[in-house]
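Student:
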Amino acid sequence: MRRAYEDTQEAFAGRLEVRLGLEVDFRPVFLARMCDDLPRYAVDFVLGSVHSYRDRHLLNARAEKTVWTPEELGALYADYFRNQRLLIETGLVDSLAHFDYPYKLGLRLEGMADIPGYDEELTETLKLAIARGVAIEVNTKRADDGTPLAASAAILRRYRELGGERVTIGSDAHRAADLGGGLAVGTAALHAAGFGHLTIYRARVAESVPLGE
């Protein structure tokens with residue numbers, strides 16, 4: 376990884392500043408290993424992700440069960456937000472990736488407040504992120520095709536109402552062709568929620584930059 380990063384820096388020298396980041400998939404069972412290993416990496420930015428529900432990837436949980444009751448979704452979101460808070464408490468990540476991921480995957484109701492405990496769990500998690508200086512990400516993957524942003528517009532508004540300021544944005548591109556996809560959609564949502572700046576990181580230190588159009 377380091378060699379590829381240095382080669383990329385050299386290739387774009389004078390034209391583009393290249394920084395190095397990591398995405399960490401958080402599962403409580405691997406917490407001790409994460410705490411041991413992650414500080415060894417000299418990077419600019421660490422993005423923390425929760426992808427699992429009861430040790431199954433949420434994609435698999437969605438595939439195995441097509442109809443979810445409000446109570447079942449309540450249990451899923453309670454577990455998801457609990458893990459988000461555990462991740463925040465580690466102090467090892469700068470931003471929470473695709474917040475909230477189950478919503479983006481379609482595990483939702485038209486009225487999210489109808490999910491038992493959802494509003495309380497969400498608010499508690501956002502308050503903790505704000506208190507610890509952890510940003511939330513606006514993930515724009517497939518947003519140009521109508522896939523919801525994560526964080527959603529409603530969550531961005533709530534985060535802002537609570538005093539949240541640190542937001543990052545990313546296209547979650549797994550292919551070069553998808554790099555930057557949906558950023559205009561995400562930027563518009565941030566403006567609508569009252570944000571005027573993005574947070575970026577250099578050597579794990581937050582910097583604020585104006586949010587473009």
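Start counting at 1 in the sequence shown, then tack on 375, and there's your number in this note's numbering. We put the beta carbon where it would ideally sit given N, CA and C, even for glycine.
Ignoring anything shorter than 4 residues, give me the alpha helix (DSSP H) runs that lie fully in the segment 509-540, in order along the chain.
Tutor: 528-536
Student: Give the secondary structure of Thr444 by DSSP, where H, G and I count as helix, E and B as strand, and everything else as coil.
Tutor: coil
Student: Just verifying my parser: in three-state terms, what is the DSSP assignment at Pro477?
Tutor: helix
Student: Compute the beta-carbon to beta-carbon distance between Gly492 and Gly449, rounded to the nearest angstrom, for a pair I have assumed lies under 8 Å.
Tutor: 5 Å
Student: Distance check for Ala386 and His473, CA to CA, integer angstroms please.
Tutor: 30 Å
Student: On the CB-based measure, 16 or more other CB atoms within 10 Å of its CB, does Ala506 come out buried or exposed?
Tutor: exposed
Student: Run through the DSSP bridge pairs and tell me what Phe420 is partnered with.
Tutor: Looking at the DSSP assignment, Phe420 forms a beta bridge with Gly396.
Student: Using the rule of at least 16 other Cβ atoms within 10 Å of the residue's Cβ for burial, across every protein chain shown, is Lys516 buried or exposed?
Tutor: buried
Student: Of the residues Val542, Arg550, Ala581, which one's Cα is nearest the Cα of Gly571?
Tutor: Val542
Student: If the criterion is Cβ atoms closer than 9 Å, does the pair Thr498 and Ile463 meet it?
Tutor: no
Student: Using the rule of at least 16 other Cβ atoms within 10 Å of the residue's Cβ for burial, across every protein chain shown, is Met409 buried or exposed?
Tutor: Residue burial is scored here from C-beta neighbours: Met409 has at least 16 other C-beta atoms within 10 angstroms and is therefore classed as buried.
Student: Taking a contact to mean a Cβ-Cβ separation below 9 Å, would you say Leu391 touches Phe420 in this structure?
Tutor: no
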